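Participant: Pasting a structure here, questions to come.
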Ligand SMILES: Cc1cc2nc3c(=O)[nH]c(=O)nc-3n(C[C@H](O)[C@H](O)[C@H](O)COP(=O)(O)OP(=O)(O)OC[C@H]3O[C@@H](n4cnc5c(N)ncnc54)[C@H](O)[C@@H]3O)c2cc1C
């Protein structure tokens, strides 16, 4: 059970209240329970076990940089771990740290559109969906549509190096980001001017992209914006097998066709849609979307059709793609599966160069199949040189307790991470590391890269107050 009273002293709570105002400090059991987890299955299993050991001691919601600086001063003086929090849609246990002070950025909610520069400057706490609504009203889009955009924030996007489903046209967070403001652990302000290209030393915004709250508190970001697309066109086809589908999408991108959206489902993940739409059984399924100026879309779709046909595609009606688009934010299936105490399911997003991607697919499957009821894989972000894979598993521990579910999750995770590294892949393409994948960070980066990352953390945050343990970096 969660303890009804916080461990933070009344004196300290009063100090925090004097900084942000009484109504913006929460230390009651309900608030601490809510902030004790995001969307990671292990956090959910702890919740089911009534284990609140990862609950914060209090939550504070500042509204200005000065307030953040005072909170940082408090944390540095008292050694209180401070965890930045956006929308809580993270899936890597990035914010669940027992005894911490959560710093929730949602009051950083201002939005300024600059139609001349084609940029928007948004506070870290702006929810992705709200930003998009504001932009759409003015004829623009940010083009960043993660499946979690109804709850994820701009600060969270930057801190996790996020990616949206239409990344092929608009880019990933590091492509869309043109400037930012962050408060460093010592209270100094990092202001990266909104100029997308420069040659003035290492790119300091890189310290924040994917930093997961461990290197600084992002307070605002300036992002590219684009005119709303004139046209969107879908293409849908099946392949006799996943390797043929992989070859086809590699040819597409390497022959300069740039779909906004790519979704290639392997035979197992395609099966339910294939059944629903009466497509050929035991086939891989691909759908693509092109969007932008009508002429460009028409050329891209026509050229894509030629390349896909040369690579063995059988074209299908686009209803299956439209069906995905309609239900694209629905994750209820996975949530329901995880609600059963002994069951665990998750999507692990990994990536590898093209020459390793088929091996990655085969070895991740082979590692997970003995542990799971079902393994589904789809490929949805492609580059000239590499491809990412979502490996989705549904595993049931039998004994039907959250403890057993939790242990099974660890086995599935370990099997996938090891298979991924052995196949030359990266352990996270965009969900981040948090605490879930921290054990594999050294192998991911190699000795030199890992030591550098740890040194950077020590230099920036000598007291280790900002999200200690995130990214696997301990004091
Ligand atoms: C159903 C579902 C679908 C998803 N789909 C996608 C997807 O398509 N693409 C994708 O990239 N991700 C996806 N995610 C993962 C998640 O939504 C992203 O990682 C998102 O960017 C997290 O944003 P958030 O505001 O919710 O961050 P939080 O969950 O609040 O925090 C995540 C991490 O970022 C840090 N952080 C948050 N805000 C700040 C800040 N202002 N300054 C410094 N650090 C900060 C936290 O400390 C933590 O380490 C999905 C998640 C779910 C549950």
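In our numbering, the protein residues as written are 1 to 475.
Each residue gets a CB set at the ideal place from its N, CA and C atoms; glycine is no exception.
All figures in this text were calculated on a predicted structure; none of them were measured in a lab.
Buried or exposed for residue 189, going by 16 or more other Cβ atoms inside 10 Å?
Facilitator: Exposed, because fewer than 16 other Cβ atoms sit within 10 Å of the Cβ of residue 189.
Participant: What ranges does the beta strand (DSSP E) occupy inside the region 334-406, keeping only unbroken runs of at least 3 residues that lie completely in it?
Facilitator: DSSP runs (the beta strand (DSSP E)) wholly in the region 334-406: 343-353, 374-379, 386-396.
Participant: Out of 261, 123, 441, 213, which has the shortest C-alpha to C-alpha gap to residue 107?
Facilitator: Closest option to residue 107, Cα to Cα, is 123.
Participant: Could you give the uninterrupted runs of the beta strand (DSSP E) lying entirely in the region 187-270, keeping only those of 3 residues or more?
Facilitator: Whole beta strand (DSSP E) segments, 3+ residues: 189-192, 217-224, 231-239, 261-265.
Participant: Can the beta-carbon of residue 163 be found less than 7 Å from the beta-carbon of residue 221?
Facilitator: Contact: no.
Participant: Using the beta-carbon count (16 or more within 10 Å), is residue 40 buried or exposed?
Facilitator: Its Cβ being crowded by 16 or more others within 10 Å, residue 40 is buried.
Participant: With residue 134 as the anchor, note down where its alpha helix (DSSP H) starts and where it stops.
Facilitator: Residue 134 -> alpha helix (DSSP H) spans 128-137.
Participant: Could you work out which residue in 52, 48, 38, 125 is closest to residue 64 when comparing CA atoms only?
Facilitator: Of the candidates 52, 48, 38, 125, the one whose C-alpha sits nearest the C-alpha of residue 64 is 125.
Participant: Closest by CA to residue 29, which one among 7, 17, 38, 326?
Facilitator: Nearest C-alpha to residue 29: 7.
Participant: Check whether the Cβ of residue 157 lies closer than 6 Å to any heavy atom of ligand 1, and answer yes or no.
Facilitator: Yes, the Cβ of residue 157 comes within 6 Å of a heavy atom of ligand 1.
Participant: Any heavy atom of ligand 1 within a distance shorter than 6 Å of the CB on residue 38?
Facilitator: Checking every heavy atom of ligand 1 against the Cβ of residue 38, one is found closer than 6 Å.
Participant: Provide the residue span of the alpha helix (DSSP H) that contains residue 80, from first to last.
Facilitator: It is not in any alpha helix (DSSP H) - residue 80 carries neither H nor E in the DSSP assignment.
Participant: Is it the case that the CB of residue 218 approaches a heavy atom of ligand 1 more closely than 6 Å?
Facilitator: Yes, the beta carbon of residue 218 sits closer than 6 Å to at least one heavy atom of ligand 1.
Participant: Can you confirm whether the region 244-255 touches the region 196-204 when touching is taken to mean that 3 or more C-beta pairs between the two stretches lie within less than 8 Å?
Facilitator: Counting Cβ pairs under 8 Å, fewer than three are found: no touch.
Participant: Out of curiosity, what's the CA-to-CA distance linking residue 156 and residue 120?
Facilitator: Straight-line Cα distance between these residues: approximately 16 Å.
Participant: Residues in its own chain within less than 8 Å of residue 228 by CB, not counting five upstream and five downstream?
Facilitator: The answer, listed in chain order, is 136, 139, 140, 141.
Participant: Considering just the uninterrupted stretch of the alpha helix (DSSP H) at residue 297, what are its terminal residues?
Facilitator: Start and end: 294-310.
Participant: When every heavy atom of ligand 3 is checked, does at least one fall within less than 6 Å of the C-beta of residue 153?
Facilitator: Ligands present in the displayed structure are limited to ligand 1, and ligand 3 is not among them.
Participant: Within 8 Å, do at least three Cβ pairs link the region 350-360 to the region 388-407?
Facilitator: Counting Cβ pairs under 8 Å, three or more are found: they touch.
Participant: Please go through the same chain and pick out, in chain order, the residues whose beta-carbon is closer than 6 Å to the beta-carbon of residue 376, but skip the five residues on each side of it.
Facilitator: Cβ within range, chain order: 268, 269, 392.
Participant: First and last residue of the beta strand (DSSP E) that includes residue 88?
Facilitator: Per DSSP, residue 88 belongs to no beta strand (DSSP E) and is neither H nor E.
Participant: Hey, residue 99 and residue 51: beta-carbon distance below 7 Å or not?
Facilitator: Result no, Cβ atoms of residue 99 and residue 51 do not sit closer than 7 Å.
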